[in-house]
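Written out below as C-alpha coordinates is the structure these notes cover.
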(Lines of atoms letter the chains of each structure in order from A and count residues from 1; the text may use other names and numbers.)
(Lines give C-alpha, C1' and ligand atoms only; values in the text may rest on other atoms or scores of the structure.)
Protein backbone atom coordinates (compact mmCIF):
# COMPACT_ATOMS: atom_id res chain seq x y z
CA UNK A 1 0.00 0.00 0.00
CA UNK A 2 1.36 3.38 -1.02
CA UNK A 3 0.45 6.49 0.94
CA UNK A 4 2.16 9.86 0.90
CA UNK A 5 4.11 11.33 3.77
CA UNK A 6 1.35 13.88 4.38
CA UNK A 7 -1.25 11.09 4.52
CA UNK A 8 0.92 9.25 7.06
CA UNK A 9 1.16 12.40 9.17
CA UNK A 10 -2.60 12.95 8.99
CA UNK A 11 -3.28 9.33 9.94
CA UNK A 12 -0.92 9.54 12.91
CA UNK A 13 -2.51 12.78 14.07
CA UNK A 14 -6.03 11.36 13.71
CA UNK A 15 -5.04 8.35 15.81
CA UNK A 16 -3.42 10.51 18.49
CA UNK A 17 -6.34 12.96 18.63
CA UNK A 18 -8.85 10.12 18.72
CA UNK A 19 -6.94 8.43 21.54
CA UNK A 20 -7.06 11.66 23.57
CA UNK A 21 -10.67 12.66 22.92
CA UNK A 22 -12.43 9.38 22.01
CA UNK A 23 -14.43 11.29 19.39
CA UNK A 24 -14.10 11.48 15.59
CA UNK A 25 -11.57 14.04 14.35
CA UNK A 26 -12.74 16.66 11.85
CA UNK A 27 -10.94 18.21 8.92
CA UNK A 28 -10.96 21.68 10.49
CA UNK A 29 -8.96 20.39 13.46
CA UNK A 30 -6.45 18.74 11.14
CA UNK A 31 -6.25 21.81 8.89
CA UNK A 32 -5.24 23.99 11.84
CA UNK A 33 -2.49 21.55 12.81
CA UNK A 34 -1.08 21.23 9.29
CA UNK A 35 -1.61 24.77 8.05
CA UNK A 36 -3.61 23.74 4.98
CA UNK A 37 -7.25 24.17 3.99
CA UNK A 38 -9.94 21.84 5.36
CA UNK A 39 -10.70 20.81 1.76
CA UNK A 40 -7.12 19.58 1.34
CA UNK A 41 -7.40 17.55 4.52
CA UNK A 42 -10.78 16.12 3.46
CA UNK A 43 -9.25 14.97 0.16
CA UNK A 44 -6.43 13.21 2.02
CA UNK A 45 -8.91 11.73 4.49
CA UNK A 46 -10.98 10.40 1.59
CA UNK A 47 -7.92 8.56 0.28
CA UNK A 48 -7.17 7.13 3.74
CA UNK A 49 -10.82 6.09 4.04
CA UNK A 50 -10.74 4.34 0.65
CA UNK A 51 -7.72 2.37 1.88
CA UNK A 52 -9.60 1.29 5.00
CA UNK A 53 -7.32 3.13 7.44
CA UNK A 54 -10.00 5.48 8.81
CA UNK A 55 -13.78 5.51 8.87
CA UNK A 56 -16.53 8.07 9.15
CA UNK A 57 -19.18 6.90 11.66
CA UNK A 58 -21.87 9.10 10.06
CA UNK A 59 -22.11 11.84 7.45
CA UNK A 60 -21.60 14.86 9.68
CA UNK A 61 -18.86 13.31 11.83
CA UNK A 62 -15.10 13.50 11.53
CA UNK A 63 -13.00 10.40 10.97
CA UNK A 64 -11.79 7.77 13.38
CA UNK A 65 -9.14 5.09 12.90
CA UNK A 66 -10.06 1.53 11.99
CA UNK A 67 -8.33 -1.51 13.44
CA UNK A 68 -6.41 -1.72 10.15
CA UNK A 69 -5.37 1.91 10.65
CA UNK A 70 -4.14 1.16 14.17
CA UNK A 71 -2.12 -1.78 12.88
CA UNK A 72 -0.59 0.38 10.14
CA UNK A 73 0.26 3.04 12.75
CA UNK A 74 2.07 0.52 14.93
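Numbering (this note's numbering), first residue to last: 175 to 248.
Note that beta-carbon positions come from the ideal geometry of N, C-alpha and C, so glycine has one too.
Closer than 6 Å: residue i CB and nearest the ligand MG heavy atom
i: residue 247; result: The ligand MG is not part of the structure shown, which contains no ligands of any sort.
For residue i, the first and last residue of its enclosing alpha helix (DSSP H)
i: residue 180; result: 179 to 195
Coarse secondary structure for residue i, derived from DSSP in three states
i: residue 231; result: coil
i: residue 210; result: coil
i: residue 219; result: helix
i: residue 175; result: coil
Classification of residue i by the beta-carbon crowding that lies within 10 angstroms, buried from 16 upward
i: residue 180; result: exposed
i: residue 248; result: exposed
i: residue 190; result: exposed
i: residue 239; result: buried
i: residue 231; result: exposed
i: residue 209; result: exposed
Closest by C-alpha distance to residue i, when choosing among the options
i: residue 201; options: 214, 228 and 189; result: 214
DSSP beta-bridge partners of residue i
i: residue 239; result: 228
i: residue 199; result: 237
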